[in-house]
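Enquirer: Oh and the sequence shown: position 93 is 93 in UniProt numbering, straight run, nothing missing.
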Amino acid sequence: MSVFAGVVVEPVSATGRKTIAFVQEMGRMFIFLMHSVLHMFTLPFQFVKILTQINIIGAQSLYVVSLIGLFTGMVLGLQLYNALANFGSEGMLGTSIVHTLIKEMGPVLAAIMVTARAGSAMAAEIGIMRISEEIDALDTMQINPIRFLVSPRLAAAIISFPLLTALFDVIALFGGYLTGCKLKGLNDATYWYTVENSLVMEDINGGFLKAIVFAVIVITVCCYQGYTTHMRPNGFGAKGVSASTTSAVVMSCVLILMADFVLTAFIW
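The following block contains the structure:
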């Protein structure tokens, strides 16, 4: 009987331990985020560091975001045209692409691409600084590591993510135009007329709000994973940095999709 009870209880116990560990990790990241936000407004302001991070997070992501936006729009234009053609509603292509992109695919895909390019890099950079004791050196010199390393990245991401989302949306709409109008033969004026009539400020604001939420998620998770590399149970040194970077990207993408669902379900 005791053996049977152990077989039944052990999976439940393991699930409970993992759940508690997950909640504790989320709590630590939230405290980490609060410290980062607080130091964003601590004088003197770090304008130069923020501009540097805008270049790294925003400007250097323009190419990949533009490329993904173009092909996303082209695929959407192709697939939605074929689907709408079954109902004789090809003229609604512009409306369908706008509703798919502005509040959903635009912010989500832009955030995931920035996570893959910039988020992984910052997790690895801060992780290497941790294992090489550079962060400890900052503490020794009475320089707050979170203010020095994380707050400028958070401010830069809050500025960059909405702009990258807007760029993604515009290029994706053009990609939908290429396949819908130039490849499939839809009238150009019909496409742009339905795009213009379907765009409302509420949807645009909603997409920008999601982009800001995703920016906070990406910076918090990626910087936290790099900052706590030395605390990982599965290795130290290069192995720990590798694990932290992988964990940062995977967790950021999962939380982006979870946040997207929550915002869509309970706000719009």
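Ideal Cβ placement from N, Cα and C applies to all residues, glycine included.
(1) Which residue from Gln-24, Leu-76 and Ala-189 puts its Cα closest to that of Thr-179?
(2) According to the neighbour-count rule (16 or more other Cβ atoms, all chains shown, within 10 Å of its Cβ), is Ser-252 buried or exposed?
(3) If we define contact as Cβ-Cβ less than 7 Å, is Ile-57 a contact residue for chain B?
(4) Output the boundary residues of the alpha helix (DSSP H) element that contains Thr-194.
(5) Whose C-alpha, out of Phe-261, Asn-82 and Leu-62, is nearest the C-alpha of Leu-183?
(6) Could you give the distance in angstroms between the alpha-carbon of Gly-175 and the alpha-carbon of Tyr-227?
(7) By how many angstroms is the C-alpha of Ser-61 removed from the C-alpha of Arg-117?
(8) Using only the alpha-carbon positions, how far apart do Ile-146 and Ser-132 sit?
(9) Between Val-221 and Leu-186, what straight-line distance do the alpha-carbon atoms span, to the nearest angstrom?
(10) Could you tell me how far apart the beta carbons of Thr-52 and Pro-107 are, in whole angstroms, since I believe they sit closer than 8 Å?
(11) Between which residues of its own chain and Leu-163 is the CB-CB distance below 8 Å, once the five residues before and five after are set aside?
(12) Would you kindly check if the distance between the Cβ of Ala-248 and the Cβ of Ala-156 is under 7 Å?
(13) Ignore the nearest five residues each way along the sequence and tell me which others in Met-105's own chain have a CB closer than 8 Å to its CB.
(14) Quick one: residues in its chain with C-beta nearer than 7 Å to the C-beta of Leu-80, no 5 flanking neighbours on either side, listed in chain order?
(15) I need the straight-line Cα distance from Asp-188 to Asn-86, nearest angstrom please.
(16) Taking the alpha helix (DSSP H) that Ala-155 belongs to, which residues open and close that run?
(17) Quick check on Asp-260: buried or exposed, where buried means 16 or more other Cβ atoms within 10 Å of its Cβ?
(18) Determine the DSSP secondary structure at Met-29, reduced to helix, strand or coil.
(19) Using CA atoms only, rank isn't needed, just tell me which of Gln-225, Tyr-177 and Met-201 is closest to Ile-102.
(20) From Phe-32 to Ile-217, what distance separates their C-alpha atoms?
(21) If you count every other CB in all the chains shown that lies within 10 Å of the CB of Phe-168, and 16 or more means buried, which is it?
Expert: If we stick to the structure as given:
(1) Start at 1 with the first residue of the sequence shown, and residue 179 comes out as number 179. Relative to Thr-179, the option among Gln-24, Leu-76 and Ala-189 whose CA is nearest is Leu-76.
(2) As a first step, residue 252 is located in the sequence shown; it is residue number 252 there, counting from the start. That one is buried.
(3) No chain B appears in the structure shown, which is made up of a single protein chain.
(4) Here residue 194 corresponds to residue number 194 of the sequence shown, with the count starting at 1. Residue range 188–198 is occupied by the alpha helix (DSSP H) that includes Thr-194.
(5) As a first step, residue 183 must be located in the sequence shown, where it is residue number 183. Each of Phe-261, Asn-82 and Leu-62 was checked against the Cα of Leu-183, and the nearest Cα belongs to Asn-82.
(6) For the purposes of this step, residue 175 is taken as the residue at position 175 of the sequence shown. For the purposes of this step, residue 227 is taken as the residue at position 227 of the sequence shown. Using only the alpha carbons, I get a separation of about 39 Å.
(7) In the sequence shown, counting from the first residue as 1, residue 117 sits at position 117. In the sequence shown, counting from the first residue as 1, residue 61 sits at position 61. Arg-117 and Ser-61 have their C-alpha atoms roughly 7 Å apart.
(8) The residue you call residue 146 lines up with position 146 of the sequence shown. The residue you call residue 132 lines up with position 132 of the sequence shown. The alpha-carbon atoms of Ile-146 and Ser-132 are separated by roughly 17 Å.
(9) Locating residue 221 in the sequence shown gives position 221, where the first residue counts as 1. Locating residue 186 in the sequence shown gives position 186, where the first residue counts as 1. Cα-Cα distance, rounded: 44 Å.
(10) For the purposes of this step, residue 52 is taken as residue 52 along the sequence shown, with counting starting at 1. For the purposes of this step, residue 107 is taken as residue 107 along the sequence shown, with counting starting at 1. With a Cβ gap of about 24 Å, Thr-52 and Pro-107 do not count as contacting.
(11) Taking the first residue of the sequence shown as position 1, residue 163 is located at position 163. Contacts found: Gly-58.
(12) Position 156 of the sequence shown, counting from 1, holds the residue named residue 156. Position 248 of the sequence shown, counting from 1, holds the residue named residue 248. Between Ala-156 and Ala-248, the C-beta gap is not smaller than 7 Å, which leaves the two residues out of contact.
(13) Your numbering for residue 105 matches position 105 in the sequence shown. Closer than 8 Å at Cβ, skipping near neighbours: Thr-72, Leu-76 and Ala-172.
(14) Counting from 1 along the sequence shown, the entry for residue 80 is found at position 80. Setting aside the 5 residues that flank it on each side, Leu-80 is surrounded in the same chain by Leu-93, Ser-96 and Ile-97, each with a C-beta closer than 7 Å to its C-beta; the list follows chain order.
(15) Residue mapping note: residue 188 aligns to position 188 of the sequence shown, counting from 1. Residue mapping note: residue 86 aligns to position 86 of the sequence shown, counting from 1. Rounded to the nearest whole angstrom, the CA to CA distance from Asp-188 to Asn-86 is 20 Å.
(16) As a working mapping, residue 155 is identified with position 155 in the sequence shown. Run containing Ala-155: 151–177, per the alpha helix (DSSP H) assignment.
(17) Taking the sequence shown and counting its residues from 1, one reaches residue 260 at position 260. Buried.
(18) Residue 29 sits at position 29 when you count from the first residue of the sequence shown. The answer is helix: DSSP assigns Met-29 an H, G or I state.
(19) The residue given as residue 102 occupies position 102 in the sequence shown. Ile-102 has its Cα closest to that of Met-201, out of Gln-225, Tyr-177 and Met-201.
(20) Residue 32 sits at position 32 when you count from the first residue of the sequence shown. Residue 217 sits at position 217 when you count from the first residue of the sequence shown. Between Phe-32 and Ile-217, the C-alpha separation is close to 12 Å.
(21) Taking the first residue of the sequence shown as position 1, residue 168 is located at position 168. By the neighbour-count criterion, in which a residue is buried when 16 or more other Cβ atoms sit within 10 angstroms of its Cβ, Phe-168 is buried.
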